[in-house]
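Each remark here refers to the structure printed beneath this line.
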Amino acid sequence: MPLDMHESVLVKFTGEMQPGITLRDLVHAIPLKDIEMGLLTVEKQGKKKNIFSGKVLEIEGFPDLKCEQAFELSDASAGRSAAGCSIKFNKEPIIEYLQSNVVVLRWMIKEGYGDAKTIERRIARIEEWKAYPVLLEADTEAEYTVMIAVTIAGAERVAGKVRRELEGGVWEEAGGREKGQQNRAHRGK
1 MPLDMHESVL VKFTGEMQPG ITLRDLVHAI PLKDIEMGLL TVEKQGKKKN IFSGKVLEIE
61 GFPDLKCEQA FELSDASAGR SAAGCSIKFN KEPIIEYLQS NVVVLRWMIK EGYGDAKTIE
121 RRIARIEEWK AYPVLLEADT EAEYTVMIAV TIAGAERVAG KVRRELEGGV WEEAGGREKG
181 QQNRAHRGK
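Residue numbers (full-length UniProt numbering): 1 to 189.
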């Protein structure tokens with residue numbers, strides 16, 4: 001039986017995180033790279049381009065990212081009008097996250113929260129998965145609408161630069177803050 005799938009765009013980060021570079025900078029590096037490649041336009045007039053619109057954003061390059069960080073990274077897919085997002089992980093961060101969930105779930109049972117049997121079944125399912133952890137992976141022969149390579153080693157702090165691009169120059173070059181923020185900073189607030 002054929003399975004209809006959304007097209008996918010692969011964003012592959014390479015290199016090591018550099019001091020001073022935040023996860024938010026990497027989130028913003030994606031549209032900046034797209035603008036550079038002509039895959040995203042930000043002009044208010046004319047035909048707009050958005051390579052992610054209606055497609056699945058697949059991200060690679062952070063196999064040991066914490067789940068909470070992955071939520072932040074994948075949450076950006078909504079801002080790109082993507083149909084969804086997946087991140088390629090190692091099993092260890094997922095196991096760590098699920099183990100912390102088990103601790104909370106056991107506390108919930110102890111405190112009388114909800115239906116204890118339902119929570120116990122959830123814990124049992126987590127423990128079953130941890131015994132034989134399997135994650136979804138892209139097929140080795142997967143085809144992508146486009147593959148975008150972002151080099152972490154050469155990344156600069158891009159949050160302000162991207163906002164200037166996306167908001168049509170609202171941000172000033174000096175300091176990457178909005179004019180109002182600069183005024184508040186000047187007044188000591």
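Heads up, the beta-carbon is just placed ideally off N, CA and C, and yes, glycines get one too.
Item, Value
"Is it buried or exposed for Arg106, if we count other Cβ within 10 angstroms and need 16 for buried?", "exposed"
"Are there 16 or more other CB atoms within 10 angstroms of the CB of Gly169, so buried, or fewer, so exposed?", "Interpretation of Gly169 is limited by its pLDDT of 46, a score under 50 that renders its predicted location unreliable; the figure taken from the coordinates is listed afterwards. By the neighbour-count rule (16 or more Cβ atoms within 10 Å), Gly169 is not buried but exposed."
"Express the C-alpha separation of Ile109 and Glu7 in angstroms, rounding to a whole number.", "42 Å"
"Taking the alpha carbon of Leu138 as the reference point, which residue from Gly112, Lys66, Arg80 and Cys85 has its own alpha carbon closest?", "Here residue 138 is Ala; the residue named in the question, Leu, does not match the sequence. It is Cys85 whose Cα lies nearest to the Cα of Ala138."
"If you reduce the DSSP assignment to three classes, tell me which class Gly180 lands in.", "With a pLDDT of 41 at Gly180, under the threshold of 50, the modelled position of that residue is not reliable, and the figure given next carries that caveat. Three-state DSSP puts Gly180 in a helix."
"For a minimum of 3 consecutive residues, which ranges assigned as the beta strand (DSSP E) are wholly contained in the stretch 69-106?", "84-87"
"Which of the three DSSP states, helix, strand or coil, is assigned to Gln18?", "coil"
"Have a look at Val56, Leu73, Gly54 and Lys55 and flag the residue whose alpha-carbon is nearest the alpha-carbon of Pro63.", "Leu73"
"Is it the case that the Cβ atoms of Ile95 and Cys67 are separated by a distance below 8 Å?", "no"
"Using the Cα positions of Ala145 and Glu36, report the straight-line distance between them to the nearest angstrom.", "Before going further, note that residue 145 is Thr rather than Ala in the sequence given. The straight-line gap from Cα to Cα measures roughly 17 Å."
"I believe Leu23 touches Gln69 by the beta-carbon criterion, under 8 Å. Please report the beta-carbon distance rounded to the nearest angstrom.", "5 Å"
"Checking 8 Å against the spacing of the C-beta atoms, do Leu10 and Met147 come in under that value?", "yes"
"Do Ile59 and Ile21 have their C-beta atoms within less than 8 Å of each other?", "no"
"Which residues bound the beta strand (DSSP E) around Val27?", "From DSSP, Val27 is part of no beta strand (DSSP E) but of the alpha helix (DSSP H) over Leu23 to Met37."
"Within 10 Å of its beta-carbon, does Leu135 have 16 or more other beta-carbons around it, so buried, or fewer, so exposed?", "exposed"
"Let's test the definition: count the other Cβ atoms within 10 Å of the Cβ of Asp34 and tell me whether it reaches 16, buried, or not, exposed.", "buried"
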